[in-house]
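Trainee:
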Amino acid sequence: MRKTWFPVVGNFDNLHPEWEVRDFNNGYRYLDLAYTPGGAKVGIEIQGYGPHARDLDVTRFKDLCRRHCLLALDGWIFLPVAFPSIMDEPQQCQQLVLAFIGKFIATDVYSQLSCLEAETVRLARRLLRPFTPLELASHLRVSDRHARRILHKLVELQIMVSASGESRNRTFKHRL
21 MRKTWFPVVG
31 NFDNLHPEWE
41 VRDFNNGYRY
51 LDLAYTPGGA
61 KVGIEIQGYG
71 PHARDLDVTR
81 FKDLCRRHCL
91 LALDGWIFLP
101 VAFPSIMDEP
111 QQCQQLVLAF
121 IGKFIATDVY
131 SQLSCLEAET
141 VRLARRLLRP
151 FTPLELASHL
161 RVSDRHARRI
171 LHKLVELQIM
181 VSASGESRNR
191 TFKHRL
């Protein structure tokens, strides 16, 4: 990642090599790299041609597919990168890295929002999963009641949507 990540990002914050995760089968899986800004679950897999294509038998192929399925069910998003591309086309890989992490580090927000509302939208974009008013209250360091008011206003503005709860909204997410 020295050829692709660091030149364009400038740091290795939230990037973890050989990250161990438990999948839905209670098995342990290892990700080449995990990228975890704001609690996001992003796996970056460096795919060598030999072990991932040429030398792959049916059993190993099925296990790789099952591995990605189980981790995706647990909320992981993957960016597969071919190792030969890193060596032969580092600029293209850098563009992919920037485009990919741009999905998780969002800064543009609506200008009419207050600071706390704007930070709520940024948090929702980074998390990539529904979150509770208590999580927001902890993040913003405000009361639970104030966090609920912020969320309800953002729902009224059609920036956020309720992710669960019929009569009472229990979780919220960014409107895509």
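In case it helps, our numbering puts the sequence shown at residues 21 to 196.
For each residue, glycine too, the CB sits at the ideal point set by N, CA and C.
Is it the case that the Cβ atoms of residue 113 and residue 121 are separated by a distance below 7 Å?
Mentor: Indexing the sequence shown from 1 puts residue 113 at position 93. Indexing the sequence shown from 1 puts residue 121 at position 101. Against a cut-off of 7 Å, the Cβ pair of residue 121 and residue 113 comes out as no contact.
Trainee: Which residues does DSSP list as the beta-bridge partners of residue 179?
Mentor: Against the sequence shown, residue 179 aligns to sequence position 159. Answer is none; residue 179 lacks a bridge partner.
Trainee: Tell me whether residue 78 is buried or exposed, calling it buried when 16 or more other Cβ atoms sit within 10 Å of its Cβ.
Mentor: The residue labelled residue 78 in the question sits at position 58 within the sequence shown. By the 10 Å Cβ count, residue 78 comes out exposed.
Trainee: What's the call for residue 37, buried or exposed, on a 16-neighbour Cβ count within 10 Å?
Mentor: Along the sequence shown, one-based indexing puts residue 37 at 17. Exposed.
Trainee: Comparing alpha-carbon positions, which option in 47, 65, 194, 93 lies nearest residue 174?
Mentor: As a first step, residue 174 is located in the sequence shown; it is residue number 154 there, counting from the start. Taking only the C-alpha atoms, the option nearest residue 174 is 194.
Trainee: Where in the stretch 73–103 do unbroken runs of the beta strand (DSSP E), each at least 3 residues long, occur, reported from the N-terminal end onward?
Mentor: Complete beta strand (DSSP E) runs here, min 3: 97–102.
Trainee: Residue 137 to residue 81, Cα distance in whole Å?
Mentor: Translated into the one-based positions of the sequence shown, residue 137 becomes position 117. Translated into the one-based positions of the sequence shown, residue 81 becomes position 61. Between residue 137 and residue 81, the C-alpha separation is close to 46 Å.
Trainee: Residue 33: which of 27, 56, 51, 39 sits nearest, CA to CA?
Mentor: Along the sequence shown, read from residue 1 onward, the residue named residue 33 stands at position 13. Selected option, being the one with the closest Cα: 56.
Trainee: Pull up the CB-CB distance for residue 147 and residue 63, whole angstroms please, since I reckon it's below 8 Å.
Mentor: Counting from one through the sequence shown, the residue named residue 147 turns up at place 127. Counting from one through the sequence shown, the residue named residue 63 turns up at place 43. 16 Å between Cβ atoms; not a contact.
Trainee: Looking at the unbroken alpha helix (DSSP H) that takes in residue 140, where does it start and where does it end?
Mentor: As a first step, residue 140 is located in the sequence shown; it is residue number 120 there, counting from the start. Its alpha helix (DSSP H) spans residues 135–147.
Trainee: Can you find the residues in the same chain that come closer than 7 Å, C-beta to C-beta, to residue 93, ignoring five residues on each side of it along the sequence?
Mentor: As a first step, residue 93 must be located in the sequence shown, where it is residue number 73. The residues are 44.
Trainee: Starting from residue 41, follow the alpha helix (DSSP H) in both directions and report where the run begins and ends.
Mentor: What you label residue 41 is simply residue 21 of the sequence shown in a count that begins at 1. Here residue 41 belongs to no alpha helix (DSSP H); instead the beta strand (DSSP E) covers 35–42.
Trainee: Give the DSSP-derived three-state secondary structure of residue 105 in the structure shown.
Mentor: Within the sequence shown, the letter at position 85 stands for residue 105. It is helical.
Trainee: Determine the DSSP secondary structure at residue 54, reduced to helix, strand or coil.
Mentor: Taking the first residue of the sequence shown as position 1, residue 54 is located at position 34. Correct three-state label for residue 54: strand.
Trainee: Just the C-alpha distance for residue 20 and residue 139, rounded to the nearest angstrom, thanks.
Mentor: A question about residue 20 goes unanswered here, because the residues of the chain that appear run from 21 up to 196.
Trainee: If residue 167 and residue 156 are in contact, beta carbons under 8 Å, what's the gap, nearest whole angstrom?
Mentor: To locate residue 167, count along the sequence shown from 1; it is residue 147. To locate residue 156, count along the sequence shown from 1; it is residue 136. Right, their Cβ atoms sit about 4 Å apart.
Trainee: Which residue wins for smallest C-alpha separation from residue 181, given the options 26, 41, 152?
Mentor: The residue you call residue 181 lines up with position 161 of the sequence shown. Nearest C-alpha to residue 181: 152.
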